[in-house]
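First residue of the sequence shown? That's 1 in the UniProt record's numbering, and the numbers climb one at a time after it. Every residue, glycine too, gets a C-beta built ideally from N, C-alpha and C.
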Amino acid sequence: MKIYNSACPLDCWDACGYEVYKDGDNAVVRGKKEHPITNGFVCKKAQYVLERVHHKSRITSPLLKEKGKWRSVSWDEALNLMSKHIKANLKQYGPKSIAHYYDSGAGGTLKNLEHRFFNLLGGVTEPSGSLCWAAGMAAIKKDFGAARCHNPSDIINSDNVVIWGRNVTETNIHLMPFIKQAQKAGATIICIDPTKTKIADISDLHISVKPSSDGFFALSIAKQVLNKYPDALDNVSKLCNNVGKYQEILSKYSIEELSKICGVSIELIEKLAVLFTENTSSFYLGYGMQRYFNSGNSIRAINSLAMLTGNIGIKGGGVNYADTYVSDSIDLDALTLENDATKRFFPKAQFPDYILSTEQAPINFMYVSRANPAVTLPNTATVKKAFEKVDFVVGCDVTFTDTMSLCDLVLPATTSLEEEDIIYTSMWHRYINYLEPVFSPIEQTRPEWEVFADLSARIGLKGYPQKSAKEWLTDVFSPLKQNYKITIDDIREKPVLLGKWDTPFKNGNFKTENGRFNLLDCEISQTDTLKKYELFFMTPHPKNSLHSQFQEKLSLEDYPVCFINPNTAKKLGLKDNKTVMIGTQKGSIKGILRMAKWVHSDVLFSYEGRPWGYGNTQNIVTYDGLTDIGEGTDMYGTVCKVTPI
Ligand SMILES: Nc1nc2c(c(=O)[nH]1)N[C@H]1C(S)=C(S)[C@@H](COP(=O)(O)OP(=O)(O)OC[C@H]3O[C@@H](n4cnc5c(=O)[nH]c(N)nc54)[C@H](O)[C@@H]3O)O[C@H]1N2
Ligand SMILES: Nc1nc2c(c(=O)[nH]1)N[C@H]1C(S)=C(S)[C@@H](COP(=O)(O)OP(=O)(O)OC[C@H]3O[C@@H](n4cnc5c(=O)[nH]c(N)nc54)[C@H](O)[C@@H]3O)O[C@H]1N2
Ligand code: SF4
Ligand SMILES: [Mo]
């Protein structure tokens with residue numbers, strides 16, 4: 001039996017550290033006990049990551065599509081073909097005719113080396129914004145100047161813990177012990193979510209706001225704060241920009257109007273105004289509520305509320321949306337050469353549309369990696385059309401996904417368990433994990449960064465030296481040695497924290513341009529898209545899969561299962577277990593209805609990520625509009641009509 005040091009590569013809040021116990025052909029994953037967040041416990045998906053290494057869906061050699069049929073080819077043939085296409089495009093159309101579409105499907109630091117290759121080409125076409133956290137991130141950066149969370153253990157200092165649009169028991173399970181600890185110590189747990197999630201069940205107060213109304217809800221509470229505590233704004237105004245504009249926005253609406261927009265009673269709004277002002281309150285924001293057209297400014301309204309009620313820069317307070325302290329402290333550019341290239345950007349949510357419509361430097365070559373856009377992009381039917389339009393598409397993945405099936409050439413990547421690497425990509429905590437290779441790369445799989453070194457040499461690119469994993473990692477993490485005296489060897493030994501985790505923005509020390517907090521200075525747009533008998537088609541993240549990954553582990557039915565509130569179903573004449581048609585502006589799909597009291601009456605709820613192979617997938621009908629700021633997506637703002645068939 002040998003124990004290997006590793007970590008979860010999945011794009012999850014928790015970024016668990018784990019160990020792989022390997023005995024011959026048998027291996028199991030165990031959460032690291034000394035990891036302060038993982039605390040000895042990992043979810044099922046950690047085991048799925050291990051099983052994936054030898055899974056039948058694994059891509060084990062480069063594959064070339066010829067006349068619709070796949071043929072196994074050598075690396076030599078694959079790379080020569082890529083090199084030929086890239087060189088021809090560079091010569092004829094320039095680097096912008098080459099697109100690199102990627103996402104966060106693999107958390108390893110060295111997975112970013114592929115950007116170096118594309119930057120060395122002179123700057124290609126890439127996605128901007130994200131399908132994930134973009135609107136909220138733009139809001140956080142605007143108001144605070146940087147994305148910083150409190151140390152998870154600081155929750156014990158909160159009187160109120162507000163879980164705002166985060167499905168903690170499904171997507172962020174390692175926050176649960178902290179919440180329970182706070183509750184046990186006497187904190188009031190408040191959940192704000194249209195859905196009565198499991199965290200809503202255990203909360204002391206659940207507020208089922210109308211979807212996309214959070215900004216107005218935050219304004220309503222702020223308005224009541226000012227009614228009850230007239231000095232509240234004066235108390236923080238020294239630390240803030242936009243005081244007048246914020247007051248103006250608040251004065252635009254009556255409390256009655258706001259209460260109606262968010263579907264929450266004035267009594268409850270008043271109660272929260274008192275709770276947040278009188279007691280130390282921490283806000284844990286999720287990403288579900290920022291997938292609407294008005295989400296950026298909605299998150300800004302929440303930030304302003306937390307500031308107004310004196311909950312910023314204090315122990316037990318804070319708006320905890322995301323933490324980029326580690327990525328802000330290392331030198332990723334040493335890998336990617338990000339600053340050396342002038343790129344062209346297409347917003348991610350609409351990337352296929354741009355491919356289909358762009359006339360200047362049309363995309364002729366595309367490389368897709370760490371992503372399954374055929375499933376995860378909204379309005380996903382356009383992906384297929386876009387892939388068909390591009391002359392040559394190369395995909396790289398560990399398993400053969402729907403996206404890979406649309407490519408012309410597919411490259412087999414090694415998984416996190418076949419590589420040496422470092423993972424620091426938690427969206428919430430700051431612990432850095434080291435990965436040692438547990439298995440030798442199976443069959444013909446190769447680490448992507450080695451493949452790109454090889455390809456660079458074939459193309460004759462200078463600036464992609466042959467280095468070992470350790471050498472590359474040393475380059476990236478060198479600032480930690482200077483600033484924290486932390487070396488790669490320290491990270492190898494145990495999960496590492498960079499210095500002391502101080503209370504963010506203590507003493508009003510904001511990272512904005514003039515050092516002050518930016519109060520909300522923009523109107524929040526309002527929707528009237530929801531007409532009678534129409535519902536929001538809300539598609540949050542499933543517990544036992546990671547978007548499209550591991551969906552084969554779920555017992556998928558013939559059509560996507562869609563949950564509906566029994567009262568809504570009754571009004572619409574819809575019956576349990578029946579197949580229905582879900583129609584939106586983008587098209588229609590079939591779904592199977594299930595009655596669920598926990599679903600908001602304005603919502604049809606279905607977990608995302610269903611692969612095409614199982615019949616229609618949710619994203620065929622989701623909207624691909626952009627959010628007000630940050631180029632996020634408005635996919636949860638999709639409005640649907642449900643009809644029996
Ligand atoms: N309807 C709906 N759609 C959504 C969302 C939603 O809430 N609702 N959420 C959105 C969000 S938040 C996100 S973050 C996106 C995620 O979008 P994607 O990142 O496209 O989602 P995944 O299905 O996780 O795809 C990741 C892919 O990376 C592959 N992969 C794993 N390891 C490696 C590796 O080492 N190398 C390479 N090259 N590939 C690897 C996996 O096999 C998988 O195919 O989806 C978005 N789509
Ligand atoms: N098991 C598992 N874990 C994951 C992932 C996964 O696919 N599976 N994905 C990872 C990734 S990439 C991400 S981005 C995170 C996302 O994790 P979360 O932040 O939990 O995001 P979502 O699953 O999109 O939705 C969370 C909640 O938002 C609520 N919500 C929807 N609309 C509104 C609204 O208008 N207002 C309010 N207040 N709430 C609303 C939904 O009801 C849901 O309970 O999870 C990560 N963790
Ligand atoms: S998916 Fe999330 S909770 Fe599960 S092992 Fe990975 S990081 Fe931990
Ligand atoms: Mo995400």
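Remark: C-beta atoms of aspartate 340 and asparagine 39 do not approach each other more closely than 8 Å. The beta-bridge partner set that DSSP reports for leucine 546 consists of Gln549. Going by C-alpha positions, valine 161 is about 25 Å away from lysine 511.
With three or more CB-CB distances shorter than 8 Å, the region 140-159 counts as touching the region 272-284.
DSSP, reduced to helix, strand and coil, places aspartate 391 outside both helices and strands of the structure shown, so it counts as coil. DSSP places aspartate 421 in the uninterrupted beta strand (DSSP E) bounded by 421-423. By alpha-carbon distance to tyrosine 464, the top candidate from His115, Cys43 and Val49 is His115.
By the criterion of at least three beta-carbon pairs nearer than 8 Å, the region 101-114 is in contact with the region 366-375. At a cut-off of 3 residues, the continuous stretches assigned as beta strand (DSSP E) that sit fully inside the region 349-373 are 365-369. Relative to ligand 2, glutamate 443 has its C-beta separated by 7 Å or more from all heavy atoms. Taken through DSSP and simplified to helix, strand or coil, tryptophan 472 comes out as helix. Ranked by how close their Cα comes to the Cα of alanine 7, the residues Lys33, Asp25 and Ala185 have Lys33 in first place. Relative to ligand 2, the beta carbon of aspartate 193 is positioned inside 7 Å of a heavy atom. By the C-beta criterion, the region 475-489 is judged not to be in contact with the region 453-463, since fewer than 3 inter-stretch pairs fall below 8 Å. Here valine 29 has Tyr18, Val20, Val42, Ala46, Gln47 and Leu50 as same chain residues with Cβ atoms under 7 Å from its own Cβ, once five neighbours each way along the sequence are excluded.
Secondary structure at arginine 166: coil, using DSSP grouped into helix, strand and coil.
The beta strand (DSSP E) runs of length 3 or more contained entirely in the region 1-66 are, from start to end of the chain, 2-7, 17-23, 26-31 and 63-66. Taking a cut-off of 8 Å for Cβ pairs, the region 348-355 and the region 617-626 touch, as three or more such pairs fall below it. Of the other Cβ atoms in all chains shown, 16 or more fall within 10 Å of the Cβ of serine 426; this residue is therefore buried. Straight across, the Cα-Cα distance linking glutamate 557 with glycine 263 is about 34 Å. Rounded to the nearest angstrom, the gap between the Cα atoms of threonine 342 and glutamate 448 is 23 Å. Beta-bridge analysis with DSSP links proline 347 to Ser128.
For the pair threonine 415 and arginine 52, the CB atoms are nearer than the 8 Å cut-off. Between ligand 4 and tryptophan 133, a heavy atom-to-CB distance of less than 7 Å is present. Within the same chain, and ignoring the five residues on either side of arginine 344 in sequence, the residues whose Cβ sits closer than 7 Å to its Cβ are Lys96 and Thr125. Excluding its 5 nearest sequence neighbours in each direction, valine 383 has C-beta neighbours in its own chain below 8 Å: Pro352, Pro373, Ala374, Leu377, Thr403 and Leu406, listed in chain order.
Counting only residues of its own chain and dropping the five nearest sequence neighbours on each side, asparagine 514 has a CB closer than 8 Å to the CB of Asn241.
Distances between the C-beta of valine 168 and the heavy atoms of ligand 3 are all 7 Å or more. The beta-carbon distance between leucine 435 and glutamate 419, rounded to whole angstroms, is 7 Å. This is short enough to meet the 8 Å contact definition. Not a single heavy atom of ligand 4 lies less than 7 Å from the C-beta of tyrosine 321. The straight-line gap separating the alpha-carbon atoms of cysteine 522 and glycine 316 is approximately 28 Å. Per DSSP, threonine 579 lies in no alpha helix (DSSP H) segment; the continuous beta strand (DSSP E) that holds it begins and ends at 579-584.
A direct Cα-to-Cα measurement between glycine 313 and asparagine 565 gives close to 40 Å. With distances taken between CA atoms, asparagine 235 lies nearest to Gly508 out of Leu131, Ser72 and Gly508.
Threonine 579 is classed as exposed because its beta carbon has fewer than 16 other beta carbons within 10 Å across all chains shown.
Take leucine 272, set aside five residues on each side of it, and the residues of its chain with a beta-carbon closer than 6 Å to its own are Ile221, in chain order.
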